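Reviewing the structure listed below.
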Amino acid sequence: MHSRAPAPGGDRDRSRTAQGRSARAPAAGVLRLQGRAGNQVVARLLDPVRRGPRPFFDEDQLWAPPEERQDPREARIEAEWEKLRPVHRFFAEATLDFYKQVRTALLNAFGAQRDGDEAAVDRVLAYYRSLVRVGFQGFQLWVHPDLAARLEIAERRLGASYPLQSAYGANIRFNTNNPAVLSDHSYGSAIDIDGSTSPNVKNLGPGSERARMIAAITGVDPSRDASGRTIDTDPRSHDALLAEARRLALGSDRLRAAFAGEESLVRAALGIAAQRGAPSGGAEELSPLLFAAAEERGRWRYRPVAPTGATEGRDRHRQALARFVFPTELGDQSRDWPPELVQATVDLLALLARTFRATFTAHGRVAPTARSPSDAQLALHGFLSVAPEVVAALGGSDAGDLRWLGAMSGGTKDYMHFELRERPKLY
Numbered sequence: 085m086h087s088r089a090p091a092p093g094g095d096r097d098r099s100r101t102a103q104g105r106s107a108r109a110p111a112a113g114v115l116r117l118q119g120r121a122g123n124q125v126v127a128r129l130l131d132p133v134r135r136g137p138r139p140f141f142d143e144d145q146l147w148a149p150p151e152e153r154q155d156p157r158e159a160r161i162e163a164e165w166e167k168l169r170p171v172h173r174f175f176a177e178a179t180l181d182f183y184k185q186v187r188t189a190l191l192n193a194f195g196a197q198r199d200g201d202e203a204a205v206d207r208v209l210a211y212y213r214s215l216v217r218v219g220f221q222g223f224q225l226w227v228h229p230d231l232a233a234r235l236e237i238a239e240r241r242l243g244a245s246y247p248l249q250s251a252y253g254a255n256i257r258f259n260t261n262n263p264a265v266l267s268d269h270s271y272g273s274a275i276d277i278d279g280s281t282s283p284n285v286k287n288l289g290p291g292s293e294r295a296r297m298i299a300a301i302t303g304v305d306p307s308r309d310a311s312g313r314t315i316d317t318d319p320r321s322h323d324a325l326l327a328e329a330r331r332l333a334l335g336s337d338r339l340r341a342a343f344a345g346e347e348s349l350v351r352a353a354l355g356i357a358a359q360r361g362a363p364s365g366g367a368e369e370l371s372p373l374l375f376a377a378a379e380e381r382g383r384w385r386y387r388p389v390a391p392t393g394a395t396e397g398r399d400r401h402r403q404a405l406a407r408f409v410f411p412t413e414l415g416d417q418s419r420d421w422p423p424e425l426v427q428a429t430v431d432l433l434a435l436l437a438r439t440f441r442a443t444f445t446a447h448g449r450v451a452p453t454a455r456s457p458s459d460a461q462l463a464l465h466g467f468l469s470v471a472p473e474v475v476a477a478l479g480g481s482d483a484g485d486l487r488w489l490g491a492m493s494g495g496t497k498d499y500m501h502f503e504l505r506e507r508p509k510l511y
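Spelled out as structure tokens, the structure:
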């Protein structure tokens with residue numbers, strides 16, 4: 085028998101096809117393994133050899149990034165943080181992320197710009213190992229030795245125990261009033277006492293709306309001293325500072341008392357109205373006018389007499405309150421009131437009513453806060469709960485001689501804060 089010659093496309097072609105398939109099989113296997121391992125770059129390169137209706141590579145997937153390598157700088161910062169383990173307790177947040185936030189400011193304070201980061205880290209370690217723990221009025225505080233000596237003097241001057249809600253010393257963080265720099269707490273050269281009820285208050289400078297409101301209700305202007313001069317942190321004796329602290333504490337107590345309830349608030353408003361005008365009724369008549377006027381906002385212009393045959397505008401409640409407090413007919417006499425006085429008084433009374441309403445929330449009355457309290461928080465909780473005796477013992481020039489920032493001359497008053505008048509040498 086004669087063997088038949090292979091026809092075109094016969095066994096030889098089938099053999100070549102099989103060889104081609106076997107050659108591609110390993111590639112397809114590699115493709116599958118690499119694809120399952122997540123290497124989509126390889127999957128994209130090898131995908132053209134894949135046959136069949138279902139593509140192996142999903143075009144919508146993103147390419148996998150190259151293997152990440154640790155940044156040498158990041159590794160160095162992590163090593164610094166580990167080296168600073170004994171200092172962790174003094175950071176406001178003892179985390180690597182927080183260290184990264186304050187790192188530049190902290191290391192620069194310890195000479196990093198001149199001597200390098202490594203030298204600065206060593207100085208940070210040495211400095212914070214020098215801090216001491218001292219007792220003050222039942223609290224244990226970590227502070228610089230210079231501040232510890234001042235606290236011991238103040239404790240002896242007090243000679244008795246005064247209840248404090250809170251107190252703390254060393255705390256590495258940025259300055260609340262100037263976030264570009266570190267706080268004096270960062271160096272253990274300051275303490276805060278009763279922060280939530282002796283808060284850091286802004287917008288309390290001379291002539292500010294907030295200062296005027298407090299002065300009108302309490303008779304105490306927190307932006308000025310007893311003589312009427314702008315308050316300041318200049319050194320003063322224990323007795324002089326005690327008198328000033330008592331005056332401010334009285335203002336804080338009167339403020340809280342006025343906003344304790346609606347009756348006390350209306351009574352305080354009636355007192356202001358009687359000082360400035362001649363109210364034509366009592367608290368019962370004033371109350372609805374007061375709270376109705378509080379709902380109106382925007383500019384308005386006092387009109388002594390209601391327009392005849394016309395409807396009052398959007399300021400009708402403020403006009404009604406103005407005519408109640410400043411009536412133009414007093415018995416058989418008429419009286420003209422300065423429009424500026426009328427408008428300023430009505431605006432103040434409406435502000436009191438709005439502030440009182442803002443002290444209420446869905447869950448009760450507003451809680452106190454240590455930093456930047458609202459008008460409502462300030463009114464309900466006051467601004468100075470630290471005992472005047474403690475203020476004088478800490479800040480009196482013949483006592484602890486610390487700078488008390490509750491007497492700062494600018495718009496901010498930090499009633500909780502006491503600090504060394506000179507920052508300690510860092511290295």
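In terms of the numbering used here, the sequence shown has 331 at position 247, counting the first letter as 1, and numbering is strictly consecutive.
No residue lacks a Cβ here, since even glycine has one placed at the ideal position from N, Cα and C.
The model shown is predicted, which means the values in this text are computed figures rather than measured ones.
From residue i to residue j, what distance separates their C-alpha atoms?
i    : j    : result
R138 : H172 : Its pLDDT being 48, under 50, R138 is placed unreliably by the model, and nothing is read from it.
L464 : R207 : 45 Å
Y499 : Q417 : 49 Å
A295 : W226 : 35 Å
R513 : D431 : There is no way to answer for residue 513, as the model of the chain reaches only from 85 to 511.
P170 : D318 : 37 Å
I161 : P452 : 38 Å
P372 : V186 : 53 Å
E143 : P156 : Residue confidence for E143 is low, a pLDDT of 47 falling below 50, so the modelled location carries little weight and cannot support an answer.
E413 : L339 : 33 Å
S273 : S493 : 21 Å
F258 : T496 : 17 Å
S329 : D399 : Just to set this straight, residue 329 is Ala in the shown sequence, not Ser. Near 41 Å, if we compare the C-alpha coordinates of D399 and A329.
I256 : Y271 : 7 Å
L146 : V265 : Bear in mind that the predicted position of L146 carries a pLDDT of just 48, short of 50, making it too unreliable to give a figure here.
L504 : G335 : 27 Å
D323 : L168 : 44 Å
V218 : R313 : 36 Å
S245 : S481 : 21 Å
V450 : T302 : 21 Å
G136 : Y183 : In this predicted model, G136 has a pLDDT of only 45, less than 50, meaning its place in the structure is not dependable; the value taken from the coordinates is given anyway. Approximately 56 Å, taken between the alpha carbons.
G243 : L235 : 12 Å
S311 : V304 : 11 Å
G195 : V205 : 9 Å
Could you pull the DSSP bridge partners for residue i from this structure?
i    : result
A274 : E503
G448 : T445
Q417 : L414
K509 : According to DSSP, which records beta bridges pairwise, K509 is partnered with nothing at all.
D498 : N284
A251 : I277
F258 : L266
R385 : Answer is none; R385 lacks a bridge partner.
T439 : In the DSSP output, where bridge partners are listed per residue, T439 has none listed.
R308 : T314
Would you give the residue range spanned by the alpha helix (DSSP H) that residue i belongs to?
i    : result
V474 : P472 to G479
I356 : E346 to R360
G335 : H322 to A342
P229 : P229 to L242
S371 : A367 to A377
Q404 : The sequence given here places Ala at residue 404; Gln does not occur at that position. Its alpha helix (DSSP H) spans residues R400 to V409.
A299 : E293 to T302
L462 : D459 to H465
Could you work out which residue in the options is closest to residue i when comparing CA atoms only?
i    : options                   : result
A483 : P422, V474 and A310       : V474
P306 : S321, P391, A189 and K286 : K286
E166 : R157, P156, L180 and D155 : L180
L433 : I275, A442, Q197 and L349 : L349
A460 : V470, A446 and R441       : R441
T188 : D201, A178, A176 and E177 : D201
R507 : L168, L332 and D268       : D268
R213 : T429, L334, A254 and E379 : A254
G382 : A163, H401 and S250       : H401
A376 : I315, A327 and L435       : L435
S366 : R360, L374 and L354       : It should be noted that the sequence gives Gly, not Ser, for residue 366. Ranking the options by Cα distance to G366, first place goes to L354.
L510 : L209, E164, A178 and A159 : L209
L325 : A163, T439 and L486       : L486
D514 : D199, F174 and V470       : Nothing about residue 514 can be reported from this structure: the residues present for the chain run from 85 to 511 only.
T260 : F467, S456 and A362       : S456
T281 : F502, L478 and L468       : L468
For chain C, find out if any of its Cβ atoms is closer than 7 Å to the Cβ of residue i; answer yes or no.
i    : result
S270 : This model lacks chain C altogether; it includes just one protein chain.
Legend entry - alpha helix (DSSP H) segments (min. 4 residues) lying fully within the stretch 147-226: 156-167, 180-193, 196-199 and 201-213
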